[in-house]
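Enquirer: Heads up, my numbering is the position in the sequence shown plus 971, with the first residue counted as 1.
Glycine included, every Cβ here is placed at the ideal spot set by N, Cα and C.
Shown below is the structure under consideration.
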Amino acid sequence: MLRNRISRKIGMFVPLLAIAMGFAAYLWNPLPLQILRNAVFDQFQRWHPRIYVEAPVRIIDIDDESLRRLGQWPWPRTRIAELVAKLQDARAAAIAFDVIFAEPDRTSPKAMLDLWQAPDSLRRQIEGLPDHDQVLTQAIARGGVIVGFAVERQRHAAVLPEIKARYINIGESPQPYVAEFAGAITSLPQFEAAAAGNGALTFIPDADGVIRKVPLLVRAGDTLLPSLVAEALRIAQGARNYTVRTVPDKGVGIAEVRIGNLPVTTTPEGEVLINFTAPVESRYIPAWKIFAGVAKVEDLAGRILLVGTSAQGLMDLHFSPMGGVIPGVEAHAQMLEQVLTGGALQRPSWAGAIEALIIVCAGLLVGAVALSTGALPSLLMLCALLALLWAGAWQTFILRGLQLDPLIPSLALIVCYGLSSIVRHLSSERRQRWIKQAFSRYVSPNLVSYLIDHPDSLELGGRRQQCSFVFTDLAGFTTLMERLDPGAAVSLLNDYLDRMIAIAFAHNGTLDRIVGDAVAILFSAPVTQADHQRRALSCAMAMQRFSQQYKKQLAAQGKAFGDTRIGVHSGEVIVGNFGGSTIFDYRALGDPVNTASRLEGANKYLGTLVCVSEATLSGCPGWPARPIGRIVLKGKAQPLAVFQPLEPDDDPDDQYQGAFDLLRAEHGGALAAFERLAAARPEDPLVSFHLERLRAGKSGDLIALTEK
């Protein structure tokens, strides 16, 4: 019991262990969990994408059709300048290039002269033509244009882009929180100088390569750099400053970036989670329509125009949470749309605390219920909690756009349930073993095992079955009780019965009953035993050997103890549960039971200690035994062939068998044969019994017993 109490106390710590494991996974945040968590939020977006609301944002798409109509990429800078001029003439609020003009135009007249072998007169004429990059610079200088750069992590990249805006910090410095890079690949200096804005085009994909967020700010060294989206918003408002506000608590990160008069809530790292919409055709305006003059002016005026490409050959494609690939320029456009119209996703700063609280409270509840109740109630409660958790995460997503992680808390609850269930299962098994051991002290162990394996057998009724029975009785026990102190006598009896029953159990016998000093053992029930006759006889002989040793042991201590008489018989009986709805009594009913009991009682008249019937001995081929005779037991009409079994390794008693054959044949030489045998074996009770019968004038092997 002490061990059980210790086990229960140890089991109480299992939910705490599972909670600790959940916390460890939460803090460690390994890559597989990141991918799984992101997959959950991606699925939420697929089920409930952001509803597209008309926003002043369009993509000027250098698509495959535009390339087919206007020529392969890169286009001459004069054509880019023409595009810029047309968009400026349409009074666009801002023109942002999702393209880096990092190298001079190779189609410029002066660049081509290095390739051509032209005469001097032609060279002078060509040198007088305007430079393509200069033409684009002049177009950019007209205003409203944002060029881009790509940040790099390589330490050798020390080039920094030109900064066009000022930063105002509220709170601690934001630099430690934003993504750090070493330098940038920038557009040509003349383009940067002429542009109204200059923003980073770089995405920071998650570990699985999916674009889920766009940074508003990055940094190179200690220099803060805006993104293309941030610059587009700033230029569209005609603003000059970025106001970066960090969370008042130190070490948390950025709370908001105000772009002009437009506040944008960000992650602590200064990023914005994109809430993607389904594909919207009106978001795109093919570039060829601008040149052809067929684009609607109302689709351009007052809008932020992002110039980029969806052409597959230009390889500006990225994985989307919606389950496909999108052009990089669309990710910028969707972020601008949600900033201007609402519907942004948020991972609030308190989300971690809520998830940790769920792990603790729900984990303790799951663990306590799993440890204290059955499997089905605890499983139902776990399923209910998981359903509530996922439903809550789903509702906060669709109603508030909040990303609350149901995955790690769910895994923690499942682990807590699993470990607690294992502990309860082990405890239940240990308790069942204890109950089985305790129950086996009252009921035969093989019966306990059978009932555990076949609970359907616990019903009233029985079945016909061939069984064997061993009945024992201790001679002189009443006298022993009178002669000894009752406590001492009971102690001797308990030791005796304990060993006798242990022998029966060792032979897989079923304890039928204990009546005082008498024991009844059943074989071949409840589990059928094909060798039940041999088992019963082996058990009887083992009991007899023990009883003789026990008697000698007590005699050496000066304590008298009687002989054990045993009867063994086999036959068909009804085996099952008898009694009523209140209590069952598993036993065998039938004449063979009474016969085995009568054989045990016959020993005191025959002078033997073990009597076995022919029905039992016939199932033990090769077992040596001495015939006693055909005995008519008290209350019986038909005689029963009875034998005195010998030890299985003993040789047959040929001398006795010869004398008994004469007796059975009612031969006149039977008396002389038994007299010679008695003279040689004066302490053989069975020989003396037959000799007395012969001297009394009786003959034959038919013996009628008038008493039990």
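How far does the alpha helix (DSSP H) with residue 1362 in it extend, from its first residue to its last?
Expert: Where residue 1362 is concerned, the enclosing alpha helix (DSSP H) stretches over 1346 to 1371.
Enquirer: Can you tell me whether residue 1301 is buried or exposed? The criterion is at least 16 other CB atoms within 10 Å of its CB, across all chains shown.
Expert: So residue 1301 ends up on the buried side.
Enquirer: Assuming residue 1685 is part of the beta strand (DSSP E), what are its boundary residues?
Expert: The question about residue 1685 has no answer, for the chain in this structure spans 972 to 1679.
Enquirer: What does the Cβ neighbour count give for residue 1397, buried or exposed, with the cut at 16 atoms within 10 Å?
Expert: Burial call: exposed.
Enquirer: Exposed or buried, residue 1044, counting other C-beta atoms within 10 Å across all chains shown (16 or more means buried)?
Expert: Result: exposed.
Enquirer: For residue 1644, I'd like the list of residues in its chain whose CB is within less than 6 Å of its CB, leaving aside the five on either flank, ordered along the chain.
Expert: The residues are 1630, 1633.
Enquirer: If you reduce the DSSP assignment to three classes, tell me which class residue 1602 lands in.
Expert: Strand at residue 1602.
Enquirer: Assuming contact is defined by CB atoms lying nearer than 7 Å, are residue 969 and residue 1246 in contact in what I supplied?
Expert: In this structure the chain extends from 972 to 1679, so residue 969 is not present and cannot be described.
Enquirer: Alpha carbon to alpha carbon, what distance is there between residue 1626 and residue 1650?
Expert: Distance between the alpha carbons of residue 1650 and residue 1626: 13 Å.
Enquirer: When you compare only the Cα positions, how much space is there between residue 1566 and residue 1596?
Expert: Spanning the two alpha carbons is a distance of roughly 19 Å.
Enquirer: Once you ignore the five residues that flank residue 972 on each side, which residues in its own chain have a CB closer than 7 Å to its CB?
Expert: Any reading at residue 972 must be qualified, since the residue scores a pLDDT of 44, below 50, and its modelled position is unreliable; no value is offered.
Enquirer: Just to confirm the assignment: which complete alpha helix (DSSP H) runs, minimum length 4, are found wholly within the stretch 1232 to 1292?
Expert: List check, alpha helix (DSSP H) in window: 1258 to 1263.
Enquirer: Does the stretch 1521 to 1531 come into contact with the stretch 1491 to 1510, if we say contact requires no fewer than three beta-carbon pairs (one atom in each stretch) closer than 8 Å?
Expert: Touching, no, given that fewer than three Cβ pairs across the two stretches are closer than 8 Å.
Enquirer: Excluding the five sequence neighbours on either side, which residues of its own chain have a C-beta within less than 6 Å of the C-beta of residue 1182, listed in chain order?
Expert: So the list reads 1174, 1176, 1289, 1302, once near-sequence residues are dropped.
Enquirer: Just the C-alpha distance for residue 1674 and residue 1599, rounded to the nearest angstrom, thanks.
Expert: Each residue's Cα considered, the two are about 9 Å apart.
Enquirer: Are the beta-carbon atoms of residue 1110 and residue 1274 separated by less than 7 Å?
Expert: No, these two residues do not count as a Cβ contact at 7 Å.
Enquirer: Just curious, the beta strand (DSSP E) that residue 1014 is in, first and last residue?
Expert: Unbroken run through residue 1014 is the alpha helix (DSSP H), 1002 to 1018; no beta strand (DSSP E).
Enquirer: Give the secondary structure of residue 1627 by DSSP, where H, G and I count as helix, E and B as strand, and everything else as coil.
Expert: Three-state DSSP puts residue 1627 in a helix.
Enquirer: Buried or exposed for residue 921, please, with buried defined as at least 16 other CB atoms from any protein chain shown within 10 angstroms of its CB.
Expert: The first residue shown for the chain is 972 and the last is 1679, placing residue 921 beyond what the model contains.
Enquirer: Going by beta-carbon coordinates alone, are residue 1031 and residue 1258 separated by less than 7 Å?
Expert: Cβ distance < 7 Å, so residue 1031 and residue 1258 count as in contact.
Enquirer: Starting from the C-beta of residue 1558, find all residues in its chain whose C-beta is less than 6 Å away, skip the five residues before and the five after it, and write them out in chain order.
Expert: Counting only Cβ-Cβ distances below 6 Å, and skipping sequence neighbours, we find 1483.
Enquirer: So what does DSSP say about residue 1040, is it helix, strand or coil?
Expert: Correct three-state label for residue 1040: helix.
Enquirer: In the DSSP assignment, the beta strand (DSSP E) including residue 1338 goes from what residue to what residue?
Expert: Note, residue 1338: premise wrong, no beta strand (DSSP E); alpha helix (DSSP H) at 1322 to 1343.
Enquirer: In whole angstroms, give me the CA-to-CA distance for residue 1603 and residue 1443.
Expert: Their backbone Cα atoms lie some 20 Å apart in a straight line.
Enquirer: Alpha carbon to alpha carbon, how far is residue 1661 from residue 1589? Give it in angstroms, no decimals.
Expert: Whole-angstrom Cα-Cα distance: 24 Å.
Enquirer: Helix, strand or coil: which one does DSSP assign to residue 1148?
Expert: The answer is coil: DSSP assigns residue 1148 none of H, G, I, E or B.
Enquirer: Mark residue 1337 as exposed unless 16 or more other C-beta atoms lie within 10 angstroms of its C-beta, in which case mark it buried.
Expert: With 16 or more Cβ atoms within 10 Å of its Cβ, residue 1337 is classed as buried.
Enquirer: For residue 1248, is the classification buried or exposed, using 16 other Cβ atoms within 10 angstroms of its Cβ as the cut-off for buried?
Expert: That one is buried.
Enquirer: Which residue comes first and which comes last in the alpha helix (DSSP H) that contains residue 1563?
Expert: That run of the alpha helix (DSSP H) goes 1562 to 1577.
Enquirer: Going by alpha carbons, who is nearest to residue 1373 out of 991, 997, 1021?
Expert: Ranking 991, 997, 1021 by Cα distance to residue 1373 puts 1021 first.
Enquirer: Touching or not, the stretch 1436 to 1454 and the stretch 1537 to 1547, by the rule of three or more beta carbon pairs under 8 Å?
Expert: Contact between the stretch 1436 to 1454 and the stretch 1537 to 1547 is present, because at least three Cβ pairs lie under 8 Å.
Enquirer: Starting from the C-beta of residue 1640, find all residues in its chain whose C-beta is less than 8 Å away, skip the five residues before and the five after it, and write them out in chain order.
Expert: Here the set comprises 1633.
Enquirer: With a Cβ-Cβ cutoff of 7 Å, do residue 1561 and residue 1583 count as a contact?
Expert: Their beta carbons are not under 7 Å apart, which means residue 1561 does not touch residue 1583 by this criterion.
Enquirer: If you draw a straight line from the C-alpha of residue 1075 to the C-alpha of residue 1171, how long is it?
Expert: Roughly 20 Å between the two C-alpha positions.
Enquirer: Does the beta-carbon of residue 1348 have 16 or more other beta-carbons within 10 angstroms, so that it is buried, or is it exposed?
Expert: Residue 1348 is exposed by the Cβ-count criterion.
Enquirer: Suppose the cutoff is 7 Å on Cβ atoms and the five residues either side in sequence are ignored; what does the same chain contact list for residue 1435 look like?
Expert: Closer than 7 Å at Cβ, skipping near neighbours: 1543, 1545.
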